[in-house]
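What follows is a single structure, written as C-alpha coordinates, with notes after it.
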Amino acid sequence: MFAFGSKLLFSGLLDIIFLNIYLVVIGRLFTPADLGFYSRAKSFNDLPSHSISGTVGRVLFPVFSSIQKDKKQLKRGLQKALTNMALLNFPIMIGIAVVAKPLV
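Spelled out as C-alpha coordinates, the structure:
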(Lines of atoms letter the chains of each structure in order from A; the text may use other names.)
(Lines give C-alpha, C1' and ligand atoms only; values in the text may rest on other atoms or scores of the structure.)
Protein backbone atom coordinates (compact mmCIF):
# COMPACT_ATOMS: atom_id res chain seq x y z
CA MET A 36 0.00 0.00 0.00
CA PHE A 37 2.89 2.37 0.66
CA ALA A 38 3.95 2.36 -3.00
CA PHE A 39 0.54 3.65 -4.06
CA GLY A 40 -0.12 5.87 -1.03
CA SER A 41 3.26 7.59 -1.18
CA LYS A 42 2.59 8.71 -4.75
CA LEU A 43 -0.76 10.17 -3.69
CA LEU A 44 0.88 11.89 -0.73
CA PHE A 45 3.62 13.36 -2.94
CA SER A 46 1.05 14.51 -5.49
CA GLY A 47 -1.06 16.16 -2.78
CA LEU A 48 1.96 17.91 -1.23
CA LEU A 49 3.10 19.15 -4.63
CA ASP A 50 -0.41 20.47 -5.33
CA ILE A 51 -0.52 22.36 -2.01
CA ILE A 52 2.93 23.85 -2.63
CA PHE A 53 2.00 25.10 -6.09
CA LEU A 54 -1.33 26.47 -4.90
CA ASN A 55 0.29 28.46 -2.09
CA ILE A 56 3.58 29.55 -3.71
CA TYR A 57 1.79 32.59 -5.12
CA LEU A 58 1.13 33.85 -1.61
CA VAL A 59 4.85 33.71 -0.81
CA VAL A 60 5.82 35.47 -4.04
CA ILE A 61 3.18 38.18 -3.67
CA GLY A 62 4.11 38.64 -0.01
CA ARG A 63 7.75 39.19 -0.93
CA LEU A 64 7.19 41.49 -3.91
CA PHE A 65 4.21 43.55 -2.80
CA THR A 66 2.80 45.15 0.31
CA PRO A 67 0.89 43.22 2.97
CA ALA A 68 -2.28 45.04 1.87
CA ASP A 69 -1.85 43.73 -1.69
CA LEU A 70 -1.34 40.22 -0.33
CA GLY A 71 -4.50 40.61 1.74
CA PHE A 72 -6.51 41.72 -1.29
CA TYR A 73 -5.18 38.79 -3.32
CA SER A 74 -5.87 36.32 -0.54
CA ARG A 75 -9.43 37.60 0.03
CA ALA A 76 -10.19 37.62 -3.71
CA LYS A 77 -8.86 34.07 -4.07
CA SER A 78 -10.99 32.85 -1.18
CA PHE A 79 -14.12 34.50 -2.65
CA ASN A 80 -13.28 32.98 -6.02
CA ASP A 81 -12.79 29.48 -4.63
CA LEU A 82 -15.71 29.42 -2.21
CA PRO A 83 -18.64 28.73 -4.58
CA SER A 84 -16.89 26.21 -6.79
CA HIS A 85 -15.32 24.29 -3.89
CA SER A 86 -18.52 24.13 -1.88
CA ILE A 87 -20.62 23.05 -4.86
CA SER A 88 -18.13 20.49 -6.17
CA GLY A 89 -17.49 19.13 -2.66
CA THR A 90 -21.18 18.65 -1.99
CA VAL A 91 -21.88 17.15 -5.39
CA GLY A 92 -18.82 14.91 -5.09
CA ARG A 93 -19.95 13.49 -1.75
CA VAL A 94 -23.36 12.70 -3.22
CA LEU A 95 -22.17 11.34 -6.56
CA PHE A 96 -19.38 9.10 -5.25
CA PRO A 97 -21.74 6.35 -4.03
CA VAL A 98 -23.84 6.68 -7.19
CA PHE A 99 -20.82 6.40 -9.48
CA SER A 100 -19.33 3.56 -7.47
CA SER A 101 -22.56 1.57 -7.90
CA ILE A 102 -22.44 1.96 -11.71
CA GLN A 103 -18.68 1.67 -12.15
CA LYS A 104 -18.97 -1.45 -14.32
CA ASP A 105 -21.19 0.28 -16.91
CA LYS A 106 -18.78 2.69 -18.61
CA LYS A 107 -21.38 4.31 -20.88
CA GLN A 108 -23.74 5.10 -18.02
CA LEU A 109 -20.83 6.34 -15.90
CA LYS A 110 -19.68 8.63 -18.71
CA ARG A 111 -23.22 9.98 -19.21
CA GLY A 112 -23.59 10.58 -15.48
CA LEU A 113 -20.28 12.40 -15.26
CA GLN A 114 -21.11 14.61 -18.24
CA LYS A 115 -24.51 15.42 -16.75
CA ALA A 116 -22.97 16.23 -13.35
CA LEU A 117 -20.32 18.50 -14.89
CA THR A 118 -22.91 20.27 -17.03
CA ASN A 119 -25.18 20.90 -14.05
CA MET A 120 -22.28 22.13 -11.89
CA ALA A 121 -21.21 24.50 -14.68
CA LEU A 122 -24.78 25.81 -15.06
CA LEU A 123 -24.80 26.50 -11.34
CA ASN A 124 -21.25 27.84 -11.04
CA PHE A 125 -21.19 30.22 -14.01
CA PRO A 126 -23.99 32.55 -12.85
CA ILE A 127 -22.51 32.62 -9.36
CA MET A 128 -19.08 33.55 -10.73
CA ILE A 129 -20.57 36.23 -12.98
CA GLY A 130 -22.43 37.64 -9.98
CA ILE A 131 -19.21 37.70 -7.95
CA ALA A 132 -17.43 39.47 -10.82
CA VAL A 133 -20.17 42.11 -10.95
CA VAL A 134 -20.00 42.89 -7.24
CA ALA A 135 -16.26 42.27 -6.84
CA LYS A 136 -15.18 45.80 -6.01
CA PRO A 137 -17.74 46.47 -3.26
CA LEU A 138 -17.39 42.90 -1.97
CA VAL A 139 -13.64 43.17 -1.42
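Here the sequence shown stands for residues 36 to 139, where the numbers follow this note's numbering. Think of the CB as a built atom: it goes at the ideal place given N, C-alpha and C, for glycine as much as any other residue.
Where does Phe-39 sit, in a helix, a strand or coil, going by DSSP?
helix
Under the three-state reduction of DSSP, which class applies to Phe-79: helix, strand or coil?
helix
Taking 7 Å as the limit between beta carbons, can you name the residues of its chain near Ser-84, skipping five residues before and five after?
Asn-124
Where Gly-112 and Leu-82 are concerned, what is the direct C-alpha to C-alpha distance, given to the nearest angstrom?
24 Å
Using the three-state DSSP reduction, which class does Asp-69 fall into: helix, strand or coil?
helix
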